[in-house]
Structures are given as C-alpha cells and as structure tokens.
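Undergrad: Here it is, the structure, as structure tokens.
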Amino acid sequence: MTLLAAFADERATAERLASELGAPLHLVALHRFPDGESLPIVPATSGHVVVYRSLNRPDRKLTSLLLAADAWRRAGASRLTLVAPYLCYMRQDAVFRPGEPLSRDVVSGWLRAAFDRVITVDPHLHRTPDLAVLLGPETLTLSAGSLLADAIGPGADDWVIVGPDAESAQWASRVAAALGAPSVMLSKTRLGDRSVRLSSTGLELVRGRATVLVDDVSSSGGTLRQAVQRLLAAGAGSVDVAVTHSLLRPADERRLHGAGARRILCTDSCRPDGAVRLAALLASTLKDDFK
Ligand code: R5P
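Going by the numbering used here, the residue at position 34 of the sequence shown is 39; the numbering climbs one at a time, nothing skipped.
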C-alpha cells in the first residue's frame, strides 16, 4: 500500500497530483513550538510513503521534512519516496571562494540518508553530470521542457529560443527542439546576488522575431531582466520568459515586466498558481506505485 502525503502549505499543488493518481492526499500535521522548532506528526503506515515537498524556501522546509522522514521510519514505513519538483542548493555546486561549503553535497547527503528515492524536475545540473551519484541510484530527473514548449504555444516558425547563460543550454535546447525553433545562448558573468553582466554575440537572429528566454530557475530575476533588455536592444519583436522554477517575488516580476517581458511562464513547482502544471508528468512516474 502506498500513501501520498504533503504539508499543508503545498496542499493545492499536492492535491492536483493526488487527483492525477486517483489517490487520497494525507497531510502532515506541523506543530511549531514557541521557540520556532517544528514537530511534524505524520500519517503512520507500514507501507510506502510518497511525500510531495518542493524545496523552495528550503531553510524553512528541510528540518521538518527530515524529521517527518524519521517519523515515518519509526512508524515502520517500508519505503520513502520524496517528490521534490524543485531541488534546493544545487547552484552551490562548487566551493567558489575559500571558506564556503559545498552545499549541493551537504543537502544531497541529508536527502539521500532520509529517502530511498527522489524524483525531481529540471534540477540545476551545471557541474553535476549525474544526480544519482549524489542522491542514490533510484533518483529520477524529469524535464518540464515539453510542457513549457506547449505553454509557449504555436507559432514555431517565428520563435527564437534564447538561453541567458551557458548553463541554460540544456533546458533551452530541449524547449527549442520541442518547438522546432532555433536557439541562441548568451554568456553571463555574475557580479553579485542580484547583479549579472550578459554578453550578447550572435543576436542578429532575434531581430524582428518573437523570442523566448528559457532557464531552469529565476531567483531574483536579475539574469532574465538583463537578458530581456539585451534582446529588445537587439531588435527582438517580443520577449517572453519561460522558466521551470520561479522563485520570483511579485516585485521581481513587476520589474521583469517593466523591463519589457511580455509573458512570464513557469510551472507550479514553487508557486501554486504557476500556469504549467506538473501533476500529470509527476503522476506518470508514480502510477505503478498507486495501482
Ligand atoms: C544559474 O545559473 C541559474 O540557471 C539561473 O540563471 C540563476 O539562478 C538566476 O538567478 P537570478 O534570477 O537571481 O539572476
């Protein structure tokens, strides 16, 4: 028997997954002590638990998730699967300056110790060729590329797909292939948390064309904002934005529109109102567990 669980703050998104699977959703009760510590109380089972927990805002979510995994083990759960559409801390995939941690490996180690299987979507695999090395052999990496392409919509003859930096090539080329559109990559130098410098060679292609900037994640929106400006300066007819994971705050989105972005498309991995729904994609990998 497999039990689908989630935390109340992601109920809406997890319910879409439950509905695709035709399975009831069980909520973890989360008690907060006055000092800020958390105490999750899980629906107990001796079977397989699939827990939906997207790991945006990770410092708030990780402790209670890892405690919940311990509670399930103690209650006798035979197997634990984590469905984390957004996988946190993957961008700190190197010690960039002396004194920094290798956060990717630390957080992966915690998840690997707690879960038998992790399912995620478009993780930031820049210096990480194989996520299974970090998270275990059963790790499953899905892509939202074709869902984003569907959301971008018809008009393939016209689109030019643009990746804002070298790392984005893996996601941008998938979307470009799904749309049968040409693609071009910019290159990026990061100057600070919210500040980047983009170089733009080869942008003749975008003149007068409908362009779509594609990336795995938008965090402060700084990268995409500058990319939008570059494309418009190069004569693009329009600039849409399509990211798998949007961590943008409303003010960041406003700034992005202010810079000239027409549409901002994203999945519901980090925000329940994301127009591109991941439930069917996730359910397709889980349906055998719920037969
Ligand atoms: C990093 O390479 C990622 O793919 C994104 O480009 C980056 O995280 C975006 O960050 P921000 O929105 O803060 O510029």
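Just so you know, even glycine gets a beta-carbon here, dropped at the ideal spot from N, CA and C. The structure displayed is predicted, hence computed values, not measured ones.
Provide the residue span of the beta strand (DSSP E) that contains Arg-202, from first to last.
TA: Arg-202 -> beta strand (DSSP E) spans 200-204.
Undergrad: Do three or more CB pairs link the segment 155-169 to the segment 120-128 at distances below 8 Å?
TA: No, the segment 155-169 does not touch the segment 120-128.
Undergrad: Within a Cβ cutoff of 7 Å, which residues of the same chain sit near His-131, ignoring the five residues on either side of it in sequence?
TA: These residues qualify, in order along the chain: Asp-98, Glu-172.
Undergrad: Should Asp-98 be counted as a contact of the ligand GDP given a C-beta to heavy atom distance under 6 Å?
TA: Here the bound small molecules are the ligand R5P; the ligand GDP is not part of this structure.
Undergrad: Return yes when at least one heavy atom of the ligand R5P lies under 6 Å from the C-beta of Ser-224, else no.
TA: Checking every heavy atom of the ligand R5P against the Cβ of Ser-224, one is found closer than 6 Å.
Undergrad: Can you check which of these residues, Trp-164, Leu-140, Ala-74, is closest to Val-180 by C-alpha distance?
TA: Measuring from the Cα of Val-180, the nearest candidate turns out to be Trp-164.
Undergrad: If I measure Cβ to Cβ from Glu-143 and keep anything under 7 Å in the same chain, skipping five residues before and after, which residues do I get?
TA: Hits under 7 Å: Asp-121, Arg-122.
Undergrad: When you measure from the CB of Thr-125 to every non-hydrogen atom of the ligand R5P, does any distance come out below 6 Å?
TA: No, the ligand R5P has no heavy atom inside 6 Å of this Cβ.
Undergrad: For Val-168, which three-state DSSP category applies?
TA: The displayed chain sequence assigns Gly, not Val, to residue 168. Three-state result, Gly-168: strand.
Undergrad: Among Asp-40, Arg-254, Leu-237, Gly-141, which has the Cα closest to the Cα of Ala-215?
TA: Among Asp-40, Arg-254, Leu-237, Gly-141, the Cα nearest to that of Ala-215 belongs to Leu-237.
Undergrad: Roughly how many angstroms separate the alpha carbons of Leu-4 and Leu-107, rounded to a whole number?
TA: This structure does not reach residue 4, given that the chain is present from 6 up to 296, and the question cannot be answered.
Undergrad: What does DSSP give as the partner residues of Phe-12 in its beta bridges?
TA: Val-33, per the DSSP bridge assignment.
Undergrad: For Lys-66 and Leu-283, I'd like the C-alpha separation in whole angstroms.
TA: Approximately 20 Å, taken between the alpha carbons.
Undergrad: Taking Cβ to Cβ, would you say Ile-46 is nearer than 7 Å to Ala-34?
TA: Result yes, Cβ atoms of Ile-46 and Ala-34 sit closer than 7 Å.
Undergrad: Run the CB neighbour count on Ala-5, radius 10 Å, all protein chains shown included, and call it buried at 16 or more, exposed below.
TA: A query on residue 5 cannot be resolved here, the shown segment of the chain reaching from 6 to 296 and no further.
Undergrad: Given a threshold of 16 other Cβ atoms within 10 Å of its Cβ, counted over all protein chains shown, does Arg-62 qualify as buried or as exposed?
TA: Per the 10 Å Cβ criterion, exposed.
Undergrad: Return yes when at least one heavy atom of the ligand R5P lies under 6 Å from the C-beta of Met-258, else no.
TA: Note on identity: in this sequence residue 258 is Glu, with Met being the wrong assignment. No - the ligand R5P has no heavy atom lying nearer than 6 Å to the Cβ of Glu-258.
Undergrad: Report the residue ranges of all beta strand (DSSP E) runs contained in full by the segment 169-194; include only those spanning at least 3 residues, in chain order.
TA: If we require 3 residues or more, the beta strand (DSSP E) runs fully inside the segment 169-194 come out as 188-190.
Undergrad: With a CB to CB cut of under 8 Å and the five nearest residues on each side skipped, what residues in its chain are close to Ser-200?
TA: Result list for Ser-200: Gly-227, in chain order.
Undergrad: Does the distance from the CB of Leu-184 to the CB of Ala-154 come in under 7 Å?
TA: Against a cut-off of 7 Å, the Cβ pair of Ala-154 and Leu-184 comes out as a contact.
Undergrad: Quick test of the definition: if touching needs 3 or more C-beta pairs under 8 Å, does the segment 247-265 touch the segment 187-195?
TA: Contact between the segment 247-265 and the segment 187-195 is absent, because fewer than three Cβ pairs lie under 8 Å.
Undergrad: What residue from Gly-41, Leu-85, Arg-21, Val-111 has the CA that sits closest to Ala-49's CA?
TA: Answer by Cα proximity: Leu-85.
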